[in-house]
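Peer 1: Residues 994 to 1228 (the numbering used here) make up the sequence shown, in order. All C-beta atoms, glycine included, are put in the ideal place defined by N, C-alpha and C. Since we're looking at a predicted model, the values are computed, not measured.
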Amino acid sequence: MTASPEEHYSLIIPAYNEEKRITQLFDAISGFDGELIVVCDGTDRTADVVGTITARRSDLNIRCLRFQERLGKGGGVLAGLAASRAPRVGYFDADGSTSVGEMLRLFAMLDSSDAAIGSRWVPGSNLVVRQGFLRRIESRVFNLLIRLLFGLSFHDTQCGAKVFRRQAIETLLPRMVSRGFEFDVELLWRIRKAGCTITEVPIEWQNKGDSRVQKRDMIRMLLGLFAIRFGPDRQ
């Protein structure tokens, strides 16, 4: 699908049951030179709230995708990417832990790289509000496992701030297996296997609490990662 002249970027926002936080996210956006695609697949009124926001924010190009079934984090991102129109695409969290200003800074990195990912664990990052101690330990153990399983040297695969040149990922998306929170790892792995360049960028980030990643999700993530790494590679 061809982008219109003003759609320099497509930014996907997976929004599973985010009716209490989505308004605050958009209130913090003063402008964006592209389309904002909100993917709603929950059981609350998130899509209705986004509709209200769209009606009063004529300065923003907002599109809302509604789904009756749960897509998962990765499924939501894939749905948004499939509907996106710009040559530069990305996604970030609906909780506002990262700002649109930071996403624009990541998009600028695509002048010299195929992909750019925000990182909370490289020098120069600014963690305004940190995660709890236990969550930080879990994050470091998970990162070590990713390094061992996939050979990825990134410090932070799970930060919800990633952007890509469309041409670098469009042939990879049909091969994606993951639909859950392990989606980020698989996508980065496939991008790297394809020989594309990925830049890890320090980011300003703040923990918003009420994480959508629960203990059962972490177990599913681990099982999914092993299935991706040792299962048949989808062609």
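#1: Which full runs of the beta strand (DSSP E) of 3+ residues lie inside the stretch 1116 to 1153, going along the chain?
#2: Go ahead and pull the three-state DSSP assignment for L1058.
#3: Only counting runs of 3 or more residues, tell me where the beta strand (DSSP E) segments fall wholly within the stretch 1033 to 1116, in order along the chain.
#4: Helix, strand or coil for E1028, going by three-state DSSP, please let me know.
#5: Straight-line CA distance for I986 to R1078?
#6: Identify whether V1178 lies in helix, strand or coil by the three-state DSSP scheme.
#7: Just the C-alpha distance for N1054 and D1020, rounded to the nearest angstrom, thanks.
#8: Could you compute how far the alpha carbon of G1237 sits from the alpha carbon of I1006?
#9: So the candidates are A1048, L1064, E1011; which of them puts its Cα closest to the Cα of R1172?
#10: Considering Cα atoms alone, identify which of R1158, E1131, R1222, D1177 is closest to L1141.
#11: Using a Cβ-Cβ cutoff of less than 7 Å, which residues in the same chain neighbour R1227 once the five nearest sequence positions on both sides are dropped?
#12: Do R1159 and R1081 come within 9 Å of each other at the CB atom, strictly closer than that value?
#13: Less than 7 Å between C-beta atoms, sequence neighbours within five positions excluded: which residues of the same chain meet that for T1039?
#14: Can you round the beta-carbon distance between K1066 and I1110 to whole angstroms, since I take them to be within the 8 Å contact cut?
#15: Give the single residue among L1074, T1036, G1044, R1049 whose Cα lies nearest to the Cα of F1060.
#16: For P1007, which three-state DSSP category applies?
Peer 2: Based on what the coordinates show:
#1: Taking 3 residues as the shortest admissible run, the stretch 1116 to 1153 contains the following complete beta strand (DSSP E) segments, listed from N- to C-terminal end: 1119 to 1122.
#2: Reduced to three states, the DSSP call for L1058 is strand.
#3: Qualifying beta strand (DSSP E) stretches, in chain order: 1054 to 1059, 1081 to 1085, 1108 to 1112.
#4: Note: E1028 maps to strand in three-state DSSP.
#5: Within the shown structure, residues of the chain are numbered from 994 to 1228, placing residue 986 beyond reach of any answer.
#6: In the three-state DSSP reduction, V1178 falls in the helix class (H, G or I).
#7: So the two alpha carbons sit approximately 14 Å from each other.
#8: Not covered by the structure: residue 1237. The range shown for the chain is 994 to 1228.
#9: Comparing Cα-Cα distances from R1172 to each of A1048, L1064, E1011, the minimum goes to L1064.
#10: Minimum Cα distance to L1141 is reached at R1222.
#11: Confidence in R1227 is poor, its pLDDT being 49 and thus under 50, which makes the residue's placement unreliable; the coordinate value appears in the next sentence. For R1227, where only same-chain residues beyond five positions count, the Cβ hits under 7 Å are R1168, V1170.
#12: In this structure, the beta-carbon distance from R1081 to R1159 falls below 9 Å.
#13: The residues are A1008, N1010, E1011, E1012, I1015, C1033.
#14: That belief does not hold up - the Cβ atoms of K1066 and I1110 are roughly 15 Å apart, past 8 Å.
#15: Nearest of L1074, T1036, G1044, R1049 to F1060, Cα basis: T1036.
#16: P1007: strand per DSSP, three-state reduction.
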